[in-house]
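> My structure is below; once you've seen it, I'll send some questions.
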Amino acid sequence: MERLILPVLGVVLCLLCGCATTSKIAMRDDPLIGTVVKGDTGEPVRFAGLMETLIHSDIIYLSEKHDNPMHHAIQHRIIQALIDQGQAPILGFEFFSYQDTPLLLNLVDAGKKAHSSKMEKTVEQRIREKLGWKNQSDTMWGYYWDLIKLAADNDFPAAGLDLSATQKRRITRKGLEGLSPIELQQLFSTGLSNSAYESHMKSVFVSVHCGMDHGRMTDRLYDTWVARNDRMALSVVELFNAMQTQDRDKAERKTGPVVIIIGAGHTEYGLGLMDRVHHLKPNAVQTNLAITEIEREPAELSQYLKPLSLEGLGPIAPADYLWFTQRVSYEDPCEKFKTTLEKMKKRKKGL
C-alpha cells in the first residue's frame, strides 16, 4: 500500500509522541498511518486522487477525533489545497452554534484589514470569549482557531452548525418531553426516525460510558443526538443553498464546496448527519473523509472497513474514504474506572 507522506504532520507527530520525553506511552508504528483508502474497497488513494473527488463534491465532511492534532493538520492541508485550486470553500463547524455565525463572519470581515500582531492577538481573545471558549484549553482552541484564521486570511465564509450549549444541556437534562413548548418551537426536526439506528446509537453511548447503561439518561442523550444532527443538517443545507446563489465570488474564485469540520460519530456510516442532509437536499453530492486513528492493538485493514448492517439500512461502509493517523493515546479510559464501574453495576443489579 502506497504511503502518503505529509511533511506538515511530521512536527505534529513529534509533539504527539513526546519528543521531549514528556510521554510515557510508546506510540505504535503501524503501516496504515499516513495512508488513505476507499471505504468500500480498501483501495489506496493518493492525495491528488482524493482532491479530485473532493473538489467535485458539494459537501465535504472532514470527520475528526477532536483532540488529535494530526486530524486538524489534515483538515488544514485539504482546505488549503482547495484554495490553491481556485476554490472559495464555505467552512462549517460543529464546535460552534448556528447562532455564532455572525461572530465568525465578523472575524472574516476583520481579516480583510491589515493588523499588527498585537491587535490580531486582541481580536483572537475577543472572539474566543464571545464564542464561549474562554475556559476551554488553549490547545483545543488553537486547533479550531487555526482553521477560522485560514478562512479569515483567505476571505471565505465560516459558520457555526450546532445547537447552543444551553439548548444541548436542556435536552440532556430534561429530555424532549420535558422541554417547554417555546423551546420545542425553536428546535428543527427532519422527522426522520429509525428504531434500529436508535438502538445502535444507544449501544454506542453505553460503550462510551464503559458499559454503563444509564437508562433514562441514555434516552436523553439520544434525544440530544437527534436534535443536534437535525439542526446541523439544516445548517449544512443552508450553507449549500448559499453556495448555489453564486457561481463565483468577488475574487472570481469558484464558490464552494461546503467543508464541514465535525466529530466522526456524526458522519459514521453516512448516518446521523449525512442521511438527514440527503433527506433535505437529495441532489447534493456529499463525500465523507473519516480521519481515523489506528486501533490500540494492531489490526488488519479489513477490520476498519467492516460495514454496518441495521434493519433496512445495511450493509453500509464506514465512510467514503479513511485517512489513518497515529493515536493521541493508547490508554483505555475505562481501565482506571474498572473497579468503580463494577461496584456501580452490582449496586444497579441489587447484588
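Numbered continuously in my numbering, the sequence shown closes out at residue 415.
Note that CB positions come from ideal geometry on N, CA and C, so glycine has one too.
So is proline 371 buried or exposed if we call it buried at 16+ other beta carbons inside 10 Å?
Counted from its first residue, the sequence shown places residue 371 at position 307. With fewer than 16 other Cβ atoms within 10 Å, it is exposed.
> Using CA coordinates, which residue listed in Glu184, Thr186, Leu353, Lys194 is at the minimum distance from isoleucine 326?
Position 262 of the sequence shown, counting from 1, holds the residue named residue 326. Considering only alpha carbons, the answer is Leu353.
> How is isoleucine 358 classed by DSSP in three states: helix, strand or coil?
Numbered from its first residue, the sequence shown carries residue 358 at position 294. If DSSP states are grouped into helix, strand and coil, isoleucine 358 belongs with coil.
> Below 8 Å on the Cβ atoms is my contact criterion, and I expect phenylalanine 160 with leucine 168 to pass it. Report the Cβ-Cβ distance as a whole number of Å.
Against the sequence shown, residue 160 aligns to sequence position 96. Against the sequence shown, residue 168 aligns to sequence position 104. Right, their Cβ atoms sit about 7 Å apart.
> Is it the case that the Cβ atoms of phenylalanine 111 and proline 153 are separated by a distance below 7 Å?
Position 47 of the sequence shown, counting from 1, holds the residue named residue 111. Position 89 of the sequence shown, counting from 1, holds the residue named residue 153. Result no, Cβ atoms of phenylalanine 111 and proline 153 do not sit closer than 7 Å.
> In whole angstroms, give me the CA-to-CA distance for histidine 130 and glycine 156.
Here residue 130 refers to the residue found at position 66 when the sequence shown is read from its first residue. Here residue 156 refers to the residue found at position 92 when the sequence shown is read from its first residue. The straight-line gap from Cα to Cα measures roughly 15 Å.
> Starting from the Cα of alanine 383, find the closest Cα among Asp93, Gly98, Met91, Thr105 and give me that residue.
Residue numbering aside, residue 383 sits at position 319 when the sequence shown is read from its first letter. Looking at the Cα atoms, Thr105 is the closest of the given residues.
> Within the stretch 142-198, note down every full alpha helix (DSSP H) run reaching 4 residues or more, in order along the chain.
Within the stretch 142-198, the complete alpha helix (DSSP H) runs of at least 4 residues are 165-174, 181-194.
> Could you tell me if the beta carbon of phenylalanine 401 falls within a distance shorter than 6 Å of some heavy atom in the ligand NAP?
Although the ligand NAP was asked about, the structure shown includes no ligands whatsoever.
> Is serine 87 buried or exposed, if buried means 16 or more other CB atoms sit within 10 Å of its CB?
Here residue 87 is taken as the residue at index 23 of the sequence shown, counted from 1. With a pLDDT of only 44 at serine 87, under the threshold of 50, the placement of this residue in the model should not be trusted; the figure read from the coordinates follows. Burial call: exposed.
> Around the Cβ of threonine 203, are there at least 16 other Cβ atoms within 10 angstroms (buried) or fewer (exposed)?
Against the sequence shown, residue 203 aligns to sequence position 139. Threonine 203 should be labelled exposed.
> Cα separation between lysine 314 and proline 321?
As a first step, residue 314 must be located in the sequence shown, where it is residue number 250. As a first step, residue 321 must be located in the sequence shown, where it is residue number 257. If I take the Cα positions, the gap works out to 16 Å.
> Contact check, phenylalanine 269 vs threonine 282 under 8 Å by CB: the rounded distance?
As a first step, residue 269 is located in the sequence shown; it is residue number 205 there, counting from the start. As a first step, residue 282 is located in the sequence shown; it is residue number 218 there, counting from the start. About 5 Å separates the two Cβ atoms, so the contact holds.
> Who are the near neighbours of leucine 251 in its chain, counting only those whose CB is closer than 6 Å to its CB and skipping five residues on each side?
As a first step, residue 251 is located in the sequence shown; it is residue number 187 there, counting from the start. Once the five neighbours on either side are set aside, the close Cβ partners of leucine 251 are Ala291.
> Give a yes or no on contact between the stretch 116-125 and the stretch 335-355, applying the rule of three or more CB pairs nearer than 8 Å.
The stretch 116-125 vs the stretch 335-355: in contact.
> Skipping 5 residues on each side, what residues in its chain have a beta carbon closer than 8 Å to that of aspartate 149?
Numbered from 1 along the sequence shown, position 85 holds the residue referred to as residue 149. Reading off the sequence shown, one finds glutamine at residue 149, where the question assumed aspartate. Cβ neighbours of glutamine 149 beyond the five flanking positions: Met115, Ile119.
> When DSSP labels each residue in this structure, what does phenylalanine 304 get in the three-state scheme?
Translated into positions along the sequence shown, residue 304 becomes position 240. Three-state DSSP puts phenylalanine 304 in a helix.
> Could you have a look at threonine 351 and say whether DSSP puts it in helix, strand or coil?
To locate residue 351, count along the sequence shown from 1; it is residue 287. It is a strand residue.
> Cβ atoms of tyrosine 162 and isoleucine 324: under 7 Å apart, would you say?
Along the sequence shown, read from residue 1 onward, the residue named residue 324 stands at position 260. Along the sequence shown, read from residue 1 onward, the residue named residue 162 stands at position 98. Their beta carbons are not under 7 Å apart, which means isoleucine 324 does not touch tyrosine 162 by this criterion.
> Select from Glu357, Leu344, Ile97 the residue whose C-alpha is nearest the C-alpha of glycine 329.
By one-based count along the sequence shown, residue 329 stands at place 265. Minimum Cα distance to glycine 329 is reached at Glu357.
> On the criterion of 16 or more Cβ atoms from any shown chain inside 10 Å, does proline 133 qualify as buried, or is it exposed?
Numbered from 1 along the sequence shown, position 69 holds the residue referred to as residue 133. It is buried - the Cβ of proline 133 has at least 16 other Cβ atoms within 10 Å.
> State the beta-bridge partners of leucine 386 as determined by DSSP.
Your numbering for residue 386 matches position 322 in the sequence shown. The partner list for leucine 386 (beta bridge, DSSP) reads Val101, Ala354.
> In angstroms, rounded to a whole number, what distance separates the CA positions of isoleucine 97 and histidine 135?
For the purposes of this step, residue 97 is taken as the residue at position 33 of the sequence shown. For the purposes of this step, residue 135 is taken as the residue at position 71 of the sequence shown. Looking at the two C-alpha atoms, the distance is approximately 12 Å.
> Pop quiz: alanine 260 and leucine 377 are said to be a contact at Cβ under 8 Å. What is the actual Cβ separation, rounded to whole angstroms?
The residue given as residue 260 occupies position 196 in the sequence shown. The residue given as residue 377 occupies position 313 in the sequence shown. The Cβ separation is near 6 Å, so the contact holds.
> Between which two residues does the alpha helix (DSSP H) harbouring alanine 222 extend?
Here residue 222 is taken as the residue at index 158 of the sequence shown, counted from 1. Per DSSP, alanine 222 belongs to no alpha helix (DSSP H); it is in the beta strand (DSSP E), 222-226.
> Verify whether the separation of the beta carbon atoms of methionine 349 and valine 300 is less than 7 Å.
Locating residue 349 in the sequence shown gives position 285, where the first residue counts as 1. Locating residue 300 in the sequence shown gives position 236, where the first residue counts as 1. Residue 349 is actually valine in this sequence, not methionine. Cβ distance not < 7 Å, so valine 349 and valine 300 don't count as in contact.
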